[in-house]
Amino acid sequence: MINIQTLVFCIFSYAAVMFLIAFFVDKKVTQNPQSKIVNNSFVYCLSLAVYCTSWTFYGSVGKASNSGLLFLTIYLGSTLMVLFWGILLKRLVKIKEGLHVTSIVDFVSARYDKSVSIGVVGALVVVLATIPYLALQFKALISTFMTIVKVDGSISLVDMKFYVAIGFALIMSVFTILFGIRKLDPTERHPGMIFVLAVECLFKLFVFIVVGIFSCYVINDGYFSVLDQLTEVVSKDYSFMGKNSGSVTTWITYMILSASAIIFLPRQFHVAVIENSNTEHIENTIWGFPLYLFLINLFVIPVSIVGLSLGGVGGADRFVLTIPFTHGYVNLTLLTFLGGFAAASGMIMISTMTVTTIITNHLYLPLISKVESGTFLTRTILPFRWLTATCLIVLAVIYVFVAGEDVALVSMGMVSFAGALQFAPIIIGALFWRKANKNGALVGIALGALVWFYTLYLPAFIKSGYFGSDLLKNGLLGISMLKPESLFGLEGIDPLSHAVFWSMFFNVGSFLGISLLSTRGVSEDQIANDFAEAFNDEDLIEIEDENIKTNIDMKKKKRILRSILNRYYDKEKAEEIFLKVLRKVGVDNKDRIGIVKLFELSQEFEKRLTGVIGAAMAHRAVVQAGLLTKREKDELYNYYSESLAEYRISPKELHTRISFYKEKEEIMNNQFKELESLISIRTQELQTKNSQLYESLKRIEEMQDQLVSQEKMASLGLLASGIAHEIKNPLNFINNGAELINKSIDTILNDEGTSLVEKKEFQNILFSSDLIKKHGIRVDKIISKMQTLSESSSDYESTNVKYFYEAICKREVEKLKNLYDLDLEVKWDLSDVGELLISHSAIGQVLSIVIDNALYELSLSKKEKEILFRCYIEKGFVVLEVSDNGMGIPYEILKDVFEPFVTTKQSEIGSGLGLCIANDIMRSHVGDILIDSKVGEYTIVKVRLPNN
2 MINIQTLVFC IFSYAAVMFL IAFFVDKKVT QNPQSKIVNN SFVYCLSLAV
52 YCTSWTFYGS VGKASNSGLL FLTIYLGSTL MVLFWGILLK RLVKIKEGLH
102 VTSIVDFVSA RYDKSVSIGV VGALVVVLAT IPYLALQFKA LISTFMTIVK
152 VDGSISLVDM KFYVAIGFAL IMSVFTILFG IRKLDPTERH PGMIFVLAVE
202 CLFKLFVFIV VGIFSCYVIN DGYFSVLDQL TEVVSKDYSF MGKNSGSVTT
252 WITYMILSAS AIIFLPRQFH VAVIENSNTE HIENTIWGFP LYLFLINLFV
302 IPVSIVGLSL GGVGGADRFV LTIPFTHGYV NLTLLTFLGG FAAASGMIMI
352 STMTVTTIIT NHLYLPLISK VESGTFLTRT ILPFRWLTAT CLIVLAVIYV
402 FVAGEDVALV SMGMVSFAGA LQFAPIIIGA LFWRKANKNG ALVGIALGAL
452 VWFYTLYLPA FIKSGYFGSD LLKNGLLGIS MLKPESLFGL EGIDPLSHAV
502 FWSMFFNVGS FLGISLLSTR GVSEDQIAND FAEAFNDEDL IEIEDENIKT
552 NIDMKKKKRI LRSILNRYYD KEKAEEIFLK VLRKVGVDNK DRIGIVKLFE
602 LSQEFEKRLT GVIGAAMAHR AVVQAGLLTK REKDELYNYY SESLAEYRIS
652 PKELHTRISF YKEKEEIMNN QFKELESLIS IRTQELQTKN SQLYESLKRI
702 EEMQDQLVSQ EKMASLGLLA SGIAHEIKNP LNFINNGAEL INKSIDTILN
752 DEGTSLVEKK EFQNILFSSD LIKKHGIRVD KIISKMQTLS ESSSDYESTN
802 VKYFYEAICK REVEKLKNLY DLDLEVKWDL SDVGELLISH SAIGQVLSIV
852 IDNALYELSL SKKEKEILFR CYIEKGFVVL EVSDNGMGIP YEILKDVFEP
902 FVTTKQSEIG SGLGLCIAND IMRSHVGDIL IDSKVGEYTI VKVRLPNN
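Heads up: the sequence shown begins at 2 in our numbering, then just goes up one per residue.
See the structure below:
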């Protein structure tokens, strides 16, 4: 057993690390909102794995142990749904960006005429569906904590369990408030929380795989060896493909529910849609998320078999933890517990935050808006959310104790999945069916949710013993046809499939039937068109009608806008949003505007307000504030009526023509796509040919450049050879003559017979002779460098570049560090880059020049001297890099450093020809030299040879 203090310390340490990560990320994103630390597809994809909660971490093994392969349906269904995200999710995200919706309930409310009633019903469904799911997480945390902790005999297990539950509730309440409910505008993304979710999802995947490897390769002989034990640990009447795996109906039900849950669970909708910053991230998620699901389920069956071999299916939900625990691996047990804590805490945080927003916008605000004295309460939205989050978590803990110990984790989760399914018909209809309307959506979700509650939710409480079982046995009011688990006499299927069938029957049937039979209003018609055309990326051309009167005073309208904002924000924030809205519409500097601009202002303001109070309440707030008066509404109506009359066309005919042109547009788009496809094929063929042609031309140009460089080098070599021959012989006479003069003068100066006046004159002659000798030696060095150009470059041979480079560097450093009197630290980073055909003498000369320059600069530096030699392949080149921390090269010299006689050295030390010669040599090798330097800090020289 593990000491309770140790376990608590681990929990708080983990929470502290997550806190610091979230704090760091929030700070980074505040400094740079476009920071790639969060705005990338990897983090987005990982955060979506919050779908894998303690249900997956613990419950999948439990389900596999009890029902065989049925657990896979929870991931197969979601994987199939992800394949359609390129259409479905992108459209949802685009609508979110346009309307500033804050949650799944806000989405359906906004689509169906911004209906407050739909918002209320949707909020109630979300609350009822989320509490069992939250309870599932707390049940996993409490049970695993109690399994491994060492309990003092002075406290009973019941009391201990209660205190543990309260402790987890407090931790999760604080963590959720800190990172999920700090800001008032929920459409603002929560980068800290999302990054923490991504880290937690990566961590729980790592831990589960470690436990799987431990189960298969540490305490057993391998993955397939464990699978071979299946027949030994499973009795004849039970197998993974046997009756406990469920009927075909159960499999289909699980698949449907998991496909729905991956996007329609409130938390999944929030992470996938609300927190999405770029629709391009969805493309990588389509393959990345299924890969995550595959990896986290890879060891489920082996772990289940190992757990069953320890003795029966009792406590199967805890096999992941009990396997390392029973084998005495304390550290692995602690790691596994923290992995389960990560799986549960991530879901609790994001779900609580999401549901809190929904409750506030769709239950609390509509309620206080009906109270005349409740206006001041709108300033308490943030504290109310904190209180709501705490209450939700407490209710989830209570549900754990009400449901009892016998309820499996997966069973609790499926109740929530069935609740989330009630949103699927009205959301899919919102996106793809223009005729879907408010009445159908309201009745559909209300009836579906009622049937779900009656056939699945209520029986769970009855079976827990908190209510009499008469309802289950005899039906409502004693009517057998109204039995919750065999409604209308439907028997022979499991309770979950039964509840899903009847709830969808009433939900979809009512939604379709009432939508077809009832009519929509003008505003709902417009919203339906906006939703259905969410992928229309064409920019609307704004037409300014010069005949519109600018007779609306902006002062009064500004007062109304400010008064609405001041209900929900402090003065500074309200003013900031106010100015953003005016600038967006283009009326920030106008005193009077026309009716069309006023309507645009109203629409934009409503969208902004949606971010804090939801679409339905934002619409109600704008209407009640009287931003558009009755006279202005009439004027707007008259304007559009007159515009229509100018075209002398009836509304019916206009509608017909619009439909006709839309059909034509669709036909043209299809033809355009066909043509685009054909052009793409032809273009691809041309690109292939062009690419081949380009490569051929490039090779020809390289060969031509090499020939020119070789001819130049040959000509320069001949010139240098001639100069050397013509100058060196006379120069030797000059140098030797100067040496003889010096010796003669030394003899005369040492003669005692020489007078002081004579000695002084001879000393002057000796000084001049020394100058002649000194500059003669300098000219000799210049001639020697020029002679290198005349050396034969025909000594090309296949050479191991790494060893050649290392030998040259060691030789030059050893020779030059004594010359420059250097205490030098030499570092190496040499990769084996293979062999190249090079001229030893030429490349050796280049490296000698580069190293000499580096050591000279180091000799002038007063700090600790370092030189680094690197060898590697980069972008098709073998790179021989020499970097030092010397004095660096000033920019005015660096830009001309390859020109003749440009140098940083003193005239008596350097001629300025070294790099010029080296550059010509490299060009003859179809290579080059790159130099990067900063004065007083470093110089990096890259000698690059083509890797072919």
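We put the CB at the ideal spot given by N, CA and C, even for glycine.
Because the structure is a prediction, the values reported are computed rather than measured.
V879 bridges to which residues according to DSSP? The count along the sequence shown starts at 1 and reaches residue 879 at position 878. According to DSSP, residue pairing for V879 in a beta bridge involves I874 and L946.
Would you report the Cα separation of V94 and I275, rounded to the nearest angstrom? For this step, residue 94 is matched to residue 93 along the sequence shown. For this step, residue 275 is matched to residue 274 along the sequence shown. Going by the C-alpha atoms only, they are around 7 Å apart.
Which of helix, strand or coil does DSSP assign to S799? Counted from its first residue, the sequence shown places residue 799 at position 798. S799: strand per DSSP, three-state reduction.
Are there 16 or more other CB atoms within 10 angstroms of the CB of R593, so buried, or fewer, so exposed? Mapped onto the sequence shown, residue 593 falls at position 592. It counts as exposed.
DSSP-derived helix/strand/coil call for R435: For the purposes of this step, residue 435 is identified with residue 434 of the sequence shown, where counting begins at 1. Secondary structure at R435: coil, using DSSP grouped into helix, strand and coil.
Reducing DSSP to helix, strand and coil, say where L914 ends up. Position 913 of the sequence shown, counting from 1, holds the residue named residue 914. L914: coil per DSSP, three-state reduction.
On the three-state DSSP scale, how would you describe S55? Position 54 of the sequence shown, counted from the first residue, corresponds to residue 55. If DSSP states are grouped into helix, strand and coil, S55 belongs with the helices.
Which class does K558 belong to by DSSP, given the choice of helix, strand or coil? As a position in the sequence shown, residue 558 is number 557, starting the count at 1. In the structure shown, K558 sits in a helix (DSSP, three-state: H, G or I).
Work out the CA separation of T131 and S48 for me, nearest whole Å. Along the sequence shown, one-based indexing puts residue 48 at 47. Along the sequence shown, one-based indexing puts residue 131 at 130. Spanning the two alpha carbons is a distance of roughly 19 Å.
Would you kindly work out how many angstroms separate the C-alpha atoms of L203 and Y59, rounded to a whole number? Residue numbering aside, residue 203 sits at position 202 when the sequence shown is read from its first letter. Residue numbering aside, residue 59 sits at position 58 when the sequence shown is read from its first letter. L203 and Y59: Cα-Cα distance of roughly 16 Å.
On the DSSP letters alone, give me the boundaries of the beta strand (DSSP E) that K935 sits inside. Within the sequence shown, residue 935 is the residue found at index 934, counting from 1. Unbroken beta strand (DSSP E) run through K935: D929 to K935.
Between which two residues does the beta strand (DSSP E) harbouring I839 extend? Counted from its first residue, the sequence shown places residue 839 at position 838. Segment E836 to S840, the beta strand (DSSP E) holding I839.
List the DSSP bridge partners of K828. Here residue 828 refers to the residue found at position 827 when the sequence shown is read from its first residue. As a beta-bridge residue in DSSP terms, K828 pairs with L869.
Determine the DSSP secondary structure at K585, reduced to helix, strand or coil. On the sequence shown, residue 585 is found 584 positions in, with the first residue counted as 1. Here K585 sits in helix by DSSP.
So, for G441: in the same chain, excluding its five sequence neighbours on each side, which residues have a beta-carbon less than 6 Å away from its beta-carbon? Residue numbering aside, residue 441 sits at position 440 when the sequence shown is read from its first letter. So the list reads F512, I515 and S516, once near-sequence residues are dropped.
Of the listed residues I868, H841, V586 and K864, nearest to N854 (C-alpha basis): For the purposes of this step, residue 854 is taken as residue 853 along the sequence shown, with counting starting at 1. Ranking I868, H841, V586 and K864 by Cα distance to N854 puts I868 first.
Residues bridged to R112 [DSSP beta-bridge criterion]: For this step, residue 112 is matched to residue 111 along the sequence shown. None, per the DSSP bridge assignment.
What does I773 pair with, by DSSP beta-bridge criteria? In the sequence shown, the residue the question calls residue 773 occupies position 772. I773 is not bridged by DSSP to any residue.
Taking the C-alpha atoms as reference points, what is the distance between M415 and L422? Taking the sequence shown and counting its residues from 1, the one referred to as residue 415 is at position 414. Taking the sequence shown and counting its residues from 1, the one referred to as residue 422 is at position 421. Near 10 Å, if we compare the C-alpha coordinates of L422 and M415.
Decide if F468 is buried, meaning its Cβ has at least 16 other Cβ atoms within 10 Å, or exposed. By one-based count along the sequence shown, residue 468 stands at place 467. Label assigned to F468: exposed.
For V159 versus I5, is the C-beta distance shorter than 8 Å? Within the sequence shown, numbered from 1, the residue matching residue 159 stands at position 158. Within the sequence shown, numbered from 1, the residue matching residue 5 stands at position 4. Cβ distance not < 8 Å, so V159 and I5 don't count as in contact.
Element boundaries [alpha helix (DSSP H), containing W86]: For this step, residue 86 is matched to residue 85 along the sequence shown. If you look at W86, you'll find it isn't in any alpha helix (DSSP H); DSSP assigns it neither H nor E.
How many whole angstroms separate the CB atoms of G289 and F24, which I take to be in contact at a CB cut-off of 8 Å? For the purposes of this step, residue 289 is taken as the residue at position 288 of the sequence shown. For the purposes of this step, residue 24 is taken as the residue at position 23 of the sequence shown. Not really, about 27 Å apart at Cβ, beyond 8 Å.
Just tell me which of N332, I214, F196 and Q269 has its CA closest to the CA of T7. Residue 7 sits at position 6 when you count from the first residue of the sequence shown. Minimum Cα distance to T7 is reached at N332.
Within 8 Å, strictly: CB atoms of I287 and V83: As a working note, residue 287 is residue 286 in the sequence shown. As a working note, residue 83 is residue 82 in the sequence shown. Yes, Cβ-Cβ distance for I287 and V83 is below 8 Å.
Within its chain, find whatever has a CB closer than 6 Å to the CB of D238; leave out the 5 residues flanking it on each side and keep chain order. Here residue 238 refers to the residue found at position 237 of the sequence shown. Unreliable positioning characterises D238 in this predicted model, as indicated by a pLDDT of 48, which lies under 50. The coordinate reading is nonetheless provided below. Answer for D238: no residue qualifies.
I'd like the list of long-range same chain contacts for V109, defined as Cβ closer than 7 Å, with 5 residues on each side in sequence excluded. Sequence index remark: in the sequence shown, residue 109 carries index 108 (1-based). Counting only Cβ-Cβ distances below 7 Å, and skipping sequence neighbours, we find I119, G123, F424, I427, I428, A431 and A442.
May I ask whether a heavy atom of the ligand ATP can be found less than 7 Å away from the beta carbon of A166? No copy of the ligand ATP appears in this structure; indeed no ligand is present at all.
Expected contact under 8 Å - CB spacing of V121 and H363 to nearest Å: Numbered from its first residue, the sequence shown carries residue 121 at position 120. Numbered from its first residue, the sequence shown carries residue 363 at position 362. With 8 Å as the limit, V121 and H363 qualify as a contact, their Cβ atoms being about 6 Å apart.
Verify whether the separation of the beta carbon atoms of M173 and I349 is less than 8 Å. Within the sequence shown, residue 173 is the residue found at index 172, counting from 1. Within the sequence shown, residue 349 is the residue found at index 348, counting from 1. For M173 and I349, yes; Cβs fall inside 8 Å.
Looking only at C-alpha atoms, which of N530, L448, I369 and A461 sits nearest to R435? Locating residue 435 in the sequence shown gives position 434, counting from the first residue. Comparing Cα-Cα distances from R435 to each of N530, L448, I369 and A461, the minimum goes to N530.
Classify S249 as buried or exposed, calling it buried when 16 or more other Cβ atoms lie within 10 Å of its own Cβ. Here residue 249 is taken as the residue at index 248 of the sequence shown, counted from 1. The sequence given here places Val at residue 249; Ser does not occur at that position. Result: exposed.
Closest to I253 by C-alpha separation, out of T74, A199, V208 and E577, would be which residue? Within the sequence shown, numbered from 1, the residue matching residue 253 stands at position 252. The shortest C-alpha separation from I253 is found at T74.
Name, in chain order, the residues that DSSP records as bridge partners for V150. Taking the first residue of the sequence shown as position 1, residue 150 is located at position 149. Looking at the DSSP output, V150 shares a beta bridge with I3.
Comparing alpha-carbon positions, which option in P901, I182 and A262 lies nearest L77? By one-based count along the sequence shown, residue 77 stands at place 76. In this structure, A262 is the residue among P901, I182 and A262 with its C-alpha nearest to the C-alpha of L77.
How about I773 and I735: are their beta carbons less than 8 Å apart? By 1-based counting over the sequence shown, the position of residue 773 is 772. By 1-based counting over the sequence shown, the position of residue 735 is 734. Yes. Within cutoff.
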